[in-house]
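Protein chains in written order, with my numbering: chain U, 1 to 311; chain D, 1 to 311.
Protein chains: 2
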Amino acid sequence: MATPERISGPDVRIALIGAGTIGLSLAALHLTHLADASHLTIMDVRADLSSYVATVLPTYLPPELHKHVADIKLTSSVAEAVKDCTIVQESGPEDLAFKTQLWADVERLAPSHAMLWTSTSGIPAAQQSASMTDKTRLLVVHPFNPPHILPLLEIVPSALTSEAVVAKTMEFWRRIGREPVLLKRDITGFVAGRLAWALLREAIHLVDQDVVTVEQLDRILETSMGPRWAYAGPFKSFHAGGGPGGLAALLGNVGRTVQACWDDGGRVNMGGSWEAKVFAQTEEAYGRVDLGERDRANRLVLEAVREAKKA
Amino acid sequence: MATPERISGPDVRIALIGAGTIGLSLAALHLTHLADASHLTIMDVRADLSSYVATVLPTYLPPELHKHVADIKLTSSVAEAVKDCTIVQESGPEDLAFKTQLWADVERLAPSHAMLWTSTSGIPAAQQSASMTDKTRLLVVHPFNPPHILPLLEIVPSALTSEAVVAKTMEFWRRIGREPVLLKRDITGFVAGRLAWALLREAIHLVDQDVVTVEQLDRILETSMGPRWAYAGPFKSFHAGGGPGGLAALLGNVGRTVQACWDDGGRVNMGGSWEAKVFAQTEEAYGRVDLGERDRANRLVLEAVREAKKA
Numbered sequence: 001m002a003t004p005e006r007i008s009g010p011d012v013r014i015a016l017i018g019a020g021t022i023g024l025s026l027a028a029l030h031l032t033h034l035a036d037a038s039h040l041t042i043m044d045v046r047a048d049l050s051s052y053v054a055t056v057l058p059t060y061l062p063p064e065l066h067k068h069v070a071d072i073k074l075t076s077s078v079a080e081a082v083k084d085c086t087i088v089q090e091s092g093p094e095d096l097a098f099k100t101q102l103w104a105d106v107e108r109l110a111p112s113h114a115m116l117w118t119s120t121s122g123i124p125a126a127q128q129s130a131s132m133t134d135k136t137r138l139l140v141v142h143p144f145n146p147p148h149i150l151p152l153l154e155i156v157p158s159a160l161t162s163e164a165v166v167a168k169t170m171e172f173w174r175r176i177g178r179e180p181v182l183l184k185r186d187i188t189g190f191v192a193g194r195l196a197w198a199l200l201r202e203a204i205h206l207v208d209q210d211v212v213t214v215e216q217l218d219r220i221l222e223t224s225m226g227p228r229w230a231y232a233g234p235f236k237s238f239h240a241g242g243g244p245g246g247l248a249a250l251l252g253n254v255g256r257t258v259q260a261c262w263d264d265g266g267r268v269n270m271g272g273s274w275e276a277k278v279f280a281q282t283e284e285a286y287g288r289v290d291l292g293e294r295d296r297a298n299r300l301v302l303e304a305v306r307e308a309k310k311a
Numbered sequence: 001m002a003t004p005e006r007i008s009g010p011d012v013r014i015a016l017i018g019a020g021t022i023g024l025s026l027a028a029l030h031l032t033h034l035a036d037a038s039h040l041t042i043m044d045v046r047a048d049l050s051s052y053v054a055t056v057l058p059t060y061l062p063p064e065l066h067k068h069v070a071d072i073k074l075t076s077s078v079a080e081a082v083k084d085c086t087i088v089q090e091s092g093p094e095d096l097a098f099k100t101q102l103w104a105d106v107e108r109l110a111p112s113h114a115m116l117w118t119s120t121s122g123i124p125a126a127q128q129s130a131s132m133t134d135k136t137r138l139l140v141v142h143p144f145n146p147p148h149i150l151p152l153l154e155i156v157p158s159a160l161t162s163e164a165v166v167a168k169t170m171e172f173w174r175r176i177g178r179e180p181v182l183l184k185r186d187i188t189g190f191v192a193g194r195l196a197w198a199l200l201r202e203a204i205h206l207v208d209q210d211v212v213t214v215e216q217l218d219r220i221l222e223t224s225m226g227p228r229w230a231y232a233g234p235f236k237s238f239h240a241g242g243g244p245g246g247l248a249a250l251l252g253n254v255g256r257t258v259q260a261c262w263d264d265g266g267r268v269n270m271g272g273s274w275e276a277k278v279f280a281q282t283e284e285a286y287g288r289v290d291l292g293e294r295d296r297a298n299r300l301v302l303e304a305v306r307e308a309k310k311a
């Protein structure tokens, strides 16, 4: 948790719809800034919601926050969850019919000032708001998993979302120390996803062509662009690498190689013959990944970058 | 410098050909492990070599190593540089004629046991060794800039490079605490470059299409995949994200979106109309990047990952 505690103001009341991986991780994040854990409600229809939250949520939290888990309100009713809230964030199934119905219900059941956010990774707000009377209230707030650690939120309004709602949304996330980025327009997969999938496609190609193994490819990224991109994205990194002439000079020097790589870049597709090899090598290399170690590493890396920028 | 000092053994003597950014960064790296700084020779034909090395190299080094800079041997003669060395690493111009002549000379002038490495980012060892009598000695050792900080070395032998030379090369870099990765075959741009250029192509596309600005795109990567990939490359990261079913389960869930992103992914080319916009936004956003801050951040991030894995 990068943020100081209890900073979002006493009037913030959050309803989270859906207690999957993203929903619970958002709950962990909100526990760090809410004035009172009872201002957080988790709605899910699973029968074991209470024991599930009590068991899993503490594993996302530092010990000093464990005591607040019992104060979170749990319910299987959308009406109960949203009735007094100022924010509704939906992290339910990626199913258009489910979301369309949900937002029509929420619009009726929640206070008219409540902000309405969907964590969808692919269904635009314009489609989800189809059955709403007031389509200006809904927008995409797409977290990067796990959002209680990684700071990014991709903010993607529809053409109908009001500017005031967008501004309030940006302000909320900034206030609690996260990194909302407002996309200028909607695009399939949003930006983080598209970048990750573009790199993954080339990675799959290189393993499929037996240039490297899955494990070697990961190691290559972990010891080169990973550390670099944690501090500076591709444009800033390559601009720094180009000396006084910056990015233009760098691409002037290596442009022919870059174009050659693009020209014969991997064009693998989902369901291709690479799947058996890549899945087997990945399982063989990693089995079950230690999520505790991953989360610790991600936190320490984020702190390291902050430290370097302060010095 | 991740490595303990003075660990490579008293018999290691290194000749670096070319004192550009990569050559000087390699010099900084080697100063951390050589028993004696006079076992390092830098060869370059620039007239101001002595004042240039004395001015620039210390900026790559922790203060306690500054005193060793004066002990490095400097020369403008290849013969002088390589005569007693056990390793020759060439980081000269990316020019085939230059490299072909250089290696024919070096073969004649260096001890027969010396390892011969080229830092090239694109000219295969098989082409560079064309004028050598014994083509088994040369291979690519491709560092990631700046190599005194980022641990990766891509090791790319030609079909004629001897296995014994490859093994000795791997062993050297491992002994001084770096991360050599042996590619199973040569490919344009090697692996790190191809992955970076694949992501950059999509990044350029997203800026060109006005989905985000250069600065927003960088910020998105810095707060999502950057920190994640510093710890675990794409296969391990997505395998972790897929729960018990791993990578196969994850792609089973999101495969349709992934394919949709691939299908309309950016196909920009070098020299395209995007250049003016992207170069201008990059210069406007960053001007001159603070390389000291970048290097400090990269070091701290690498330390953070080591720390997380130890805990």
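C-beta atoms are modelled at their ideal positions from N, C-alpha and C, and glycine is treated no differently.
Legend entry - Bridge-paired residues (DSSP) for Val82 (chain D): Looking at the DSSP assignment, Val82 (chain D) forms no beta bridge with any residue, so it has no partner.
Inset, instruction - Identify whether Ala2 (chain D) lies in helix, strand or coil by the three-state DSSP scheme. - result: Only weak support exists for where Ala2 (chain D) lies, its pLDDT of 41 falling under 50; the value from the coordinates is given anyway. Ala2 (chain D) falls in the coil class under three-state DSSP.
Inset, instruction - Please work out which residues of its chain come closer than 8 Å, Cβ to Cβ, to Ile123 (chain U), disregarding the five sequence neighbours upstream and downstream, and give them in chain order. - result: Glu94, Leu96, Lys99
Legend entry - Proximal residues of chain U, C-beta to C-beta of Glu222 (chain D) below 8 Å: Trp229, Ala230, Tyr231, Ala232, Gly233, Val305
Legend entry - Where Phe279 (chain D) meets chain U, residues with beta-carbon distance less than 7 Å: Leu247, Ala248
Inset, instruction - Say whether chain D places a C-beta atom closer than 9 Å to the C-beta of Phe144 (chain U). - result: yes
Legend entry - Where Gln209 (chain D) sits in the DSSP three-state scheme: coil
Inset, instruction - Can you grab the Cα-Cα spacing for the pair Leu221 (chain U) / Ala230 (chain D), in whole Å? - result: 7 Å
Legend entry - Under the three-state DSSP convention, the category Leu139 (chain D) falls into: strand
Legend entry - Within chain U, the residues that Gly193 (chain D) reaches when beta carbons sit closer than 9 Å: Val254, Thr257, Val258, Cys261
Inset, instruction - Please confirm if the stretch 187 to 207 of chain U is in contact with the stretch 152 to 170 of chain D, defined as three or more CB-CB distances below 8 Å between the two stretches. - result: no
Inset, instruction - Quick one: which residues of the stretch 22 to 45 of chain U get their C-beta closer than 9 Å to a C-beta of chain D? List them in chain order. - result: none
Legend entry - Nonlocal neighbours in the same chain, by C-beta distance under 7 Å from Ala81 (chain U), ignoring five residues either side: Ala15, Ile17, Thr41, Met43, Thr75
Inset, instruction - Flag Met225 (chain U) as yes if its beta-carbon sits less than 9 Å from any beta-carbon of chain D, otherwise no. - result: yes
Inset, instruction - Look up Val88 (chain D) in the DSSP assignment and say whether it is helix, strand or coil. - result: strand
Inset, instruction - Taking 9 Å as the cut-off, decide whether the C-beta atoms of Phe332 (chain U) and Leu182 (chain U) are in contact. - result: It is not possible to answer for residue 332 (chain U), since the shown part of chain U is limited to 1 through 311.
Legend entry - Residues near Ala110 (chain U) by beta carbon distance below 8 Å, same chain, minus five either side: Ala15, Val82, Lys83, Cys85, Val88, Leu116
Inset, instruction - Determine whether the Cβ of Met170 (chain D) lies closer than 9 Å to any Cβ atom of chain U. - result: no
Legend entry - Close-in-space but distant-in-sequence residues of the same chain around Val45 (chain U) (CB under 8 Å, 5 per side omitted): Ser76
Legend entry - Residue from D:Glu90, D:Ala79, D:Lys73, D:Leu31 with nearest C-alpha to Pro63 (chain D): D:Leu31
Legend entry - the stretch 176 to 210 of chain D: positions lying closer than 7 Å to chain U by Cβ: Glu179, Val181, Leu183, Lys184, Arg185, Ile187, Thr188, Gly189, Val191, Ala192, Gly193, Arg194, Leu195, Ala196, Trp197, Ala198, Leu199, Leu200, Arg201, Glu202, Ala203, Leu206, Asp210
Inset, instruction - Take Ala311 (chain U) as the anchor and find which of D:Leu138, D:Gln101, D:Ser51, D:Asp295 has the nearest alpha-carbon. - result: D:Asp295
Inset, instruction - Evaluate the contact criterion for the stretch 245 to 253 of chain D versus the stretch 236 to 243 of chain U: three or more CB pairs, one atom per stretch, below 8 Å. - result: no
Inset, instruction - Kindly list, in the order they appear in chain U, the residues whose Cβ is closer than 9 Å to that of Gln313 (chain D). - result: Because chain D is modelled from 1 through 311, residue 313 (chain D) falls outside the range shown and cannot be assessed.
Inset, instruction - Can you tell me which of the three DSSP states Arg13 (chain D) falls into? - result: coil
Inset, instruction - Measure the CB-CB distance between Lys168 (chain U) and Val289 (chain D) and report whether it falls below 9 Å. - result: no
Legend entry - Interface positions of the stretch 68 to 86 of chain U facing chain D (Cβ-Cβ less than 9 Å), listed along the chain: none
Inset, instruction - Would you list the one or two residues that DSSP bridges to Ile22 (chain U)? - result: Ile22 (chain U) pairs with nothing; no bridge assigned.
Legend entry - Where Pro10 (chain D) falls, given that 16 or more other Cβ within 10 Å makes a residue buried: exposed
Legend entry - Start-to-end residues for the beta strand (DSSP E) that takes in Pro157 (chain U): 152 to 157
Legend entry - Minimum Cβ-Cβ distance from Phe238 (chain D) to chain U less than 9 Å: yes
Legend entry - Terminal residues of the beta strand (DSSP E) in which Val179 (chain D) lies: Just to set this straight, residue 179 (chain D) is Glu in the shown sequence, not Val. Residues 179 to 182.
Legend entry - Of the residues D:Gly265, D:Asp264, D:Gly272, D:Pro143, the one placed nearest Gln259 (chain U), counting alpha carbons only: D:Gly272
Inset, instruction - Report the three-state DSSP secondary structure of Leu109 (chain D) (helix, strand or coil). - result: helix
Legend entry - Stretch-stretch touch, CB-based, cutoff 8 Å, three pairs: the stretch 263 to 283 of chain D with the stretch 205 to 220 of chain D: yes
Inset, instruction - Look at Leu57 (chain D) and Ala35 (chain D) and say whether their C-beta atoms are less than 9 Å apart. - result: no
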